[in-house]
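Trainee:
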Amino acid sequence: MTDWGQNLATMRRNAPLVQNITNYVAMNVMANVMLAAGASPAMVHAEEEVAEFAGFTPALTINIGTLSGAWVRSMLLAAKTASARGTPWVLDPVAAGATTFRRETAAALVALKPTVIRGNASEILALSGAGAAGKGVDAADAVGQAEAGARTLARATGSVVAVTGAVDFVTDGTRAFHIANGHATMPLVTALGCSLTGIVGAFLVGQPPLEATVAALAYYGLAGECAAATAKGPGSFATAFVDALANLTPAEVSARARVTQA
Amino acid sequence: MTDWGQNLATMRRNAPLVQNITNYVAMNVMANVMLAAGASPAMVHAEEEVAEFAGFTPALTINIGTLSGAWVRSMLLAAKTASARGTPWVLDPVAAGATTFRRETAAALVALKPTVIRGNASEILALSGAGAAGKGVDAADAVGQAEAGARTLARATGSVVAVTGAVDFVTDGTRAFHIANGHATMPLVTALGCSLTGIVGAFLVGQPPLEATVAALAYYGLAGECAAATAKGPGSFATAFVDALANLTPAEVSARARVTQA
Amino acid sequence: MTDWGQNLATMRRNAPLVQNITNYVAMNVMANVMLAAGASPAMVHAEEEVAEFAGFTPALTINIGTLSGAWVRSMLLAAKTASARGTPWVLDPVAAGATTFRRETAAALVALKPTVIRGNASEILALSGAGAAGKGVDAADAVGQAEAGARTLARATGSVVAVTGAVDFVTDGTRAFHIANGHATMPLVTALGCSLTGIVGAFLVGQPPLEATVAALAYYGLAGECAAATAKGPGSFATAFVDALANLTPAEVSARARVTQA
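Protein chains in written order, with UniProt numbering: chain Z, 1 to 262; chain A, 1 to 262; chain X, 1 to 262.
1) Alpha carbon to alpha carbon, how far is ARG175(Z) from ALA162(Z)?
2) Can you find the residues in the same chain that come closer than 7 angstroms, C-beta to C-beta, to ILE124(A), ignoring five residues on each side of it along the sequence?
3) With 7 angstroms as the limit, tell me which residues of the stretch 22-41 of chain A have their beta carbon closer than that to any beta carbon of chain Z; keep them in chain order.
4) Can you tell me the Cα-Cα spacing of GLY193(Z) and ILE117(Z), whole angstroms?
5) Quick one, which residues of the stretch 55-88 of chain A are near chain X if we go by CB-CB under 7 angstroms, in chain order?
6) Along chain Z, which residues have their Cβ under 7 angstroms away from the Cβ of HIS183(A)?
7) Give every residue of the same chain whose Cβ lies closer than 6 angstroms to the Cβ of LEU210(A), excluding the five residues on either side of it in the sequence, and list them in chain order.
8) Suppose only complete runs of 4+ residues qualify. What are the alpha helix (DSSP H) ranges in the stretch 149-228 of chain X, listed by chain order?
9) Against chain X, does GLU52(Z) count as a neighbour if the rule is that its beta carbon must be under 8 angstroms from one of theirs?
10) Counting only beta-carbon separations shorter than 8 angstroms, does HIS45(X) have a partner in chain A?
11) Going by DSSP, what residue range makes up the beta strand (DSSP E) through VAL72(A)?
12) Which first and last residues belong to the beta strand (DSSP E) in which VAL90(X) is found?
13) Against chain A, with Cβ distances strictly below 8 angstroms, would PHE203(X) count as a contact?
14) Using a Cβ-Cβ cut-off of 6 angstroms (strictly less than) and excluding sequence neighbours within five positions of MET27(Z), which residues of its own chain qualify?
15) Taking the alpha-carbon of PRO187(Z) as reference, which of ALA231(A), ASN181(A), VAL72(A), VAL33(A) has the nearest alpha-carbon?
16) Smallest Cα separation from ALA54(Z): which of LYS80(X), ALA98(X), ASP141(X)?
17) Could you name the residues of the same chain whose beta carbon sits closer than 8 angstroms to that of LYS113(Z), not counting the 5 residues immediately before and after it, in chain order?
18) What span of residues does the beta strand (DSSP E) with ILE124(Z) cover, start to end?
19) Just grab the DSSP bridge partners of THR260(X) for me.
20) How far does the beta strand (DSSP E) with PRO41(X) in it reach, from first residue to last?
21) Go ahead and label PRO93(Z) buried or exposed: buried means 16 or more other beta carbons lie within 10 angstroms of its beta carbon, across all protein chains shown.
22) State the CB to CB distance for the pair GLN6(X) and PRO250(X), rounded to an integer number of angstroms; the pair is presumed to be in contact (CB under 8 angstroms).
23) Between ALA251(A) and chain Z, is any beta-carbon pair separated by less than 8 angstroms?
24) In chain order, what residues of the same chain have a beta carbon less than 6 angstroms from the beta carbon of THR230(A), not counting five sequence neighbours either side?
25) Looking only at DSSP bridge pairs, what is residue 263(A) linked to?
26) Going by alpha carbons, who is nearest to HIS45(A) out of PRO58(A), SER68(A), ILE21(A), GLY65(A)?
27) Assuming contact is defined by CB atoms lying nearer than 8 angstroms, are ALA191(Z) and PHE203(Z) in contact in what I supplied?
28) Let me see if you follow: with CB-CB separation under 8 angstroms, is GLU49(A) close to chain Z or not?
29) Using a threshold of 8 angstroms, state whether the C-beta atoms of TYR24(X) and TYR24(Z) are closer than that.
30) For THR61(A), which of helix, strand or coil comes out of DSSP?
31) Taking 8 angstroms as the threshold (beta carbon to beta carbon), is ALA95(X) in contact with chain Z?
32) Let's see if you can read the secondary structure: which residues bound the beta strand (DSSP E) around VAL18(Z)?
33) Just to confirm the assignment, what range does the alpha helix (DSSP H) spanning PRO114(Z) have?
34) From TRP89(A) to LEU77(Z), what does the alpha carbon distance come to, in whole angstroms?
35) By Cβ distance, which residues of its chain are closer than 7 angstroms to MET30(X), with the 5 residues on each side in sequence left out?
36) Is it buried or exposed for ALA180(A), if we count other Cβ within 10 angstroms and need 16 for buried?
What follows is the structure, encoded as structure tokens:
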């Protein structure tokens, strides 16, 4: 049995600086989530500096939640730099199917070979060309409906693809895992998916992408379970969730991760 | 007696996708507030996609809190699309009287016939041409001073006008209501006014604007009263407020709404 | 012995409107922190209005956390207006040493004579020309290593320089203080440093810069100590911290400030 807590221990030892180009809604939560987990987030997205920063950061994440023309140019610059240097990077294709602008931006980023693509079922279906029902940022499809599309996308891109939802699904196109950790309140707190992308980025530093992604998702879902034990609603859940990210130990993750091969 | 909780029940049944063009300070809180209440917020504001998105969203809100040239273009594009389609939309004229840029932007948006205009007393006075003392984002005038201006503005624009403060005032130019729900800690938490604009937007879907706005304000103020019962300061108030938005039932809103005709 | 609580009492009496040009990560937290403390924050940064607003605001803060070309132009416009009017303003040189864009922007702002420069040790070392190890937004250097650089920077610029960390150091180039208040969880909550810059700005209105800065830091650190008494992790710490900022009295600050001459 894989010891998933070891990936958390390694991430905390690395305490990696992670460059994040993310949306305005998520920036603050994502930074708090990453600090609580033990990483060092840097929100650096200006065209004037994004490539220079990507030239030394050990991991990068890109989230298309709140796009604009200038930001798309920054995303492409940073992703090109990361790909050229072999820096691991994560793509979060928020609402990828909702508008033409999003479809085109997501496709251009996928072409730059992200190490990991993490989205909800509707987003992964949109990227895999299978079409999707979702127009907003919330998933309109179940994870199970996106598993075949995720495998296809992983094989076509060489990326690890993670579909998150009630039970997460992660695949590199050949191997695949289900992660059952998590709690139903998580989608009621905005930007927890976006913030998870940052956690995946931090886990990728010096660790194999498939295992790092699975471990990050198990740890994150488990923090949700801990938060639910005391929360009285989505407000206090968000607070308790950040506490849990800081307080969870690798041993607890090892003991309570609910990961199965798919 | 009107049963104001029914409007909440209808909104939750609709669980509407609402497009919000709002300020950087409010985005995260607004998304959490809307998710907790039962709506599905989407922060979509780029010139490249704003009109396409406004072409299918059932409600739109526009907040001028943190303006720039590009954002103003997006706001006008989205508002024009909403007006042309008959989509309900809400204008939040933050600090409308503070600078020339704000006065001009607010005037251009008012001309596009928002379904509802929601602001504090200073903002509504600025829009109604009565001048205002406020230079910042916090109200320098009391709601009572803005009621005549609100009626004038409503008649001139055809909008429902909501003035929020210690006791809220809502009018369509003919009928008017006071809503006494709320708590004195609410103005100490940033962006609760901005976030209320999103709640009003969600309530507007499929409901008559005047009643929907009154019900949204009563529900929101009541959540503030619930939060105050356990809060130890503005930090824990903010957390408890989001919990209360999720936990309040239509029956509780019906029983505890303090709405009177004005 | 100086009565540091009196500076808090004065700030609350003034309840100053403070214009903040800050980063996307910090905006919401900073507004909540400033409201809890008793100030009135306004996040106004658009080129189209930034100078007009700086023409009447009694204090200004500028933070380079999430830069772009347009924002740099706004920062320079606002700082020039403040300098010309004699309005106190604070510079927060986030990650000043990380990229060429940041080094150049920080240097251009320093040349406009901020009243106070507040940063972590790595940032102050970068500004003082002593070089720094830090590439991200978190300090890689200890406060003690930056004290000589802070004195040099203060003498070269005429600014009060504040280096914040485990024990803070504040100097005007001649006199200097250590402030020992604070708690180890504070760096695990994002944007608490950025938000402190807003508190310093609020304290500067009508108060001598060196003393105002020292008092602001003692108050802020003491709120951290109060928060730690109940917090279960960085999430609940953030909530309790905002509560403490609102609940702390001038008398408590006077009694519990740990300030010594350096």
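Here a beta-carbon is modelled for each residue, glycine too, at the ideal position from N, C-alpha and C.
Keep in mind that this is a model prediction, so the values were computed, not measured.
Mentor: Considering the structure as presented:
1) Each residue's Cα considered, the two are about 12 angstroms apart.
2) These residues qualify, in order along the chain: ALA146, GLY149, ALA150, LEU153, VAL161, VAL163.
3) Answer in chain order: TYR24, MET27, ASN28, ALA31, ASN32, LEU35, ALA36, SER40.
4) C-alpha separation (whole angstroms): 12 angstroms.
5) For the stretch 55-88 of chain A, which is checked against every Cβ of chain X, the residues closer than 7 angstroms are THR66, LEU67, SER68, GLY69.
6) Those within 7 angstroms of HIS183(A) in chain Z number zero; the least Cβ separation is about 15 angstroms.
7) Taken in chain order, the residues that qualify are VAL160, ASP172.
8) The stretch 149-228 of chain X contains these whole alpha helix (DSSP H) runs: 192-204, 209-228.
9) Closer than 8 angstroms to some Cβ of chain X, the Cβ of GLU52(Z) qualifies, so yes.
10) Against chain A, the CB of HIS45(X) has a partner CB under 8 angstroms away; the residue lies at that interface.
11) It is not in any beta strand (DSSP E) - VAL72(A) instead sits in the alpha helix (DSSP H) that spans 69-85.
12) VAL90(X): member of the beta strand (DSSP E) spanning 89-92, first to last residue.
13) Proximity of PHE203(X) to chain A, defined by a Cβ-Cβ separation below 8 angstroms, is not satisfied.
14) Counting only Cβ-Cβ distances below 6 angstroms, and skipping sequence neighbours, we find MET43.
15) The shortest Cα separation from PRO187(Z) among ALA231(A), ASN181(A), VAL72(A), VAL33(A) belongs to VAL33(A).
16) For ALA54(Z), the nearest C-alpha among the options comes from ALA98(X).
17) Same-chain partners within the cutoff: SER83, THR157, GLY158, SER159.
18) Run containing ILE124(Z): none in the beta strand (DSSP E); it sits in the alpha helix (DSSP H), 121-127.
19) In the DSSP output, where bridge partners are listed per residue, THR260(X) has HIS178(X).
20) Under the DSSP assignment, PRO41(X) falls in the beta strand (DSSP E) whose first and last residues are 40-42.
21) Buried, by the Cβ-count rule.
22) Contact between GLN6(X) and PRO250(X) is confirmed by a C-beta separation of about 6 angstroms, below the 8 angstroms threshold.
23) With 8 angstroms as the cut-off, ALA251(A) does not count as an interface residue toward chain Z.
24) The residues are ALA240.
25) Outside the shown range of chain A (1 to 262) lies residue 263(A), about which nothing can therefore be said.
26) The shortest Cα separation from HIS45(A) among PRO58(A), SER68(A), ILE21(A), GLY65(A) belongs to ILE21(A).
27) In this structure, PHE203(Z) does not lie closer than 8 angstroms to ALA191(Z) by Cβ.
28) Interface annotation, GLU49(A): in contact with chain Z, CB-CB separation under 8 angstroms.
29) In contact: TYR24(X) and TYR24(Z) (Cβ atoms closer than 8 angstroms).
30) When secondary structure is reduced to three states using DSSP, THR61(A) falls in the strand class.
31) Nearest CB-CB separation between ALA95(X) and chain Z: below the 8 angstroms threshold.
32) Element bounds for VAL18(Z): 17-21.
33) Taken as a continuous stretch (DSSP letters only), PRO114(Z) belongs to no alpha helix (DSSP H), as it is neither H nor E.
34) Cα atoms of TRP89(A) and LEU77(Z): separation of roughly 37 angstroms, rounded to the nearest angstrom.
35) Scanning its chain for C-beta atoms nearer than 7 angstroms, with the 5 sequence neighbours on each side dropped, one finds around MET30(X) the residues ASN20, THR22, PRO41, ALA191, CYS194, SER195, GLY198, in chain order.
36) Classified as exposed, ALA180(A) has fewer than 16 neighbouring CB atoms from the shown chains inside 10 Å of its CB.
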